[in-house]
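Student: Got a structure here, written out as structure tokens. Questions coming.
Numbering (the numbering used here), first residue to last: 15 to 255.
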């Protein structure tokens, strides 16, 4: 495992993609500041300061893309849940991979696949975690409620280096096993951490909106939504509104 530490970068994912050819499998890019961090659907990720976590895993597990790679964001969300639980925090997962504490977002995950024709060059798995913030800083994000670990713990400061080490160790502890078994390895933990199943929800899928009862998560990590007309929709991506 190789760790590249940067003082400032536009985004750790972009840096990883731009340098993917020269980076080894299981390289980690970590930066103190991100000027253009992004989340899913090209949303911006607000930088709350250099005492927060901005990092990307560079993963090159094979020469061809496998379906299990699409579930790595869900795997990482479970890993984050495990780490937060070590701090005595009770998080929840908002499908597919947002981690929340009391309904407030604390981390974001973005996976980007790099292909060259039909050749799979690798995958960049980025994550941002709010570790340290002042309550006034949380108002910088206008479109959703967010929080930071130090606020939830009611302490002045969370050690970023320690959290980073816990996250990396936890990620690679079961990584190879996950590649072999896929979503089913984490399915029970994932489902037990979701708090929207059985409820009526609306999911935005690009320009379309689906509304219905969140029935279950299948063995592929997809959300099964049942409409009022008893139609079932299998959702592979989207945002719960």
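All residues carry an ideal CB built from backbone N, CA and C; glycine is no exception.
Since this is a predicted model, take the numbers as computed values, not measurements.
So does residue 81 have its beta carbon nearer than 7 Å to some heavy atom of the ligand SAM?
Tutor: Because no ligand of any kind appears in the structure shown, any question about the ligand SAM cannot be addressed here.
Student: Grouping DSSP H, G and I as helix and E and B as strand, with all else coil, what is residue 127?
Tutor: Residue 127: strand per DSSP, three-state reduction.
Student: What are the boundary residues of the beta strand (DSSP E) that residue 108 is part of?
Tutor: 106-108 is the span of the beta strand (DSSP E), which, as asked, contains residue 108.
Student: Give, in chain order, every unbroken run of the beta strand (DSSP E) that is at least 3 residues long and sits entirely within the segment 156-181.
Tutor: Correct list: empty.
Student: Do residue 85 and residue 145 have their CB atoms nearer than 8 Å?
Tutor: The answer is no: Cβ separation not under 8 Å.
Student: Count the other CB atoms, across all protein chains shown, that sit within 10 Å of the CB of residue 70; report buried if there are 16 or more and exposed otherwise.
Tutor: It counts as buried.
Student: Which residue wins for smallest C-alpha separation from residue 120, given the options 21, 68 and 16?
Tutor: Residue 68 is the option with its Cα nearest to residue 120.
Student: Along the alpha helix (DSSP H) that carries residue 203, what are the first and last residues, could you check?
Tutor: Segment 201-207, the alpha helix (DSSP H) holding residue 203.
Student: Specify, as a first and last residue, the run of the beta strand (DSSP E) that residue 215 falls within.
Tutor: Run containing residue 215: 214-219, per the beta strand (DSSP E) assignment.
Student: Does residue 31 pass the burial test, meaning 16 or more other C-beta atoms within 10 Å, or should it be called exposed?
Tutor: Classification of residue 31: buried, given that the 10 Å Cβ count is 16 or more.
Student: Just confirm the distance between the C-beta atoms of residue 73 and residue 114, as a whole number of angstroms; I'd bet it's less than 8 Å.
Tutor: No, residue 73 and residue 114 are not in contact; Cβ-Cβ is about 25 Å, not under 8 Å.
Student: Mapping DSSP to helix, strand and coil, what is residue 46?
Tutor: Residue 46 falls in the strand class under three-state DSSP.
Student: Taking the straight line between their C-alpha atoms, what separation do you get for residue 167 and residue 112?
Tutor: Rounded to the nearest angstrom, the two C-alpha atoms are 19 Å apart.
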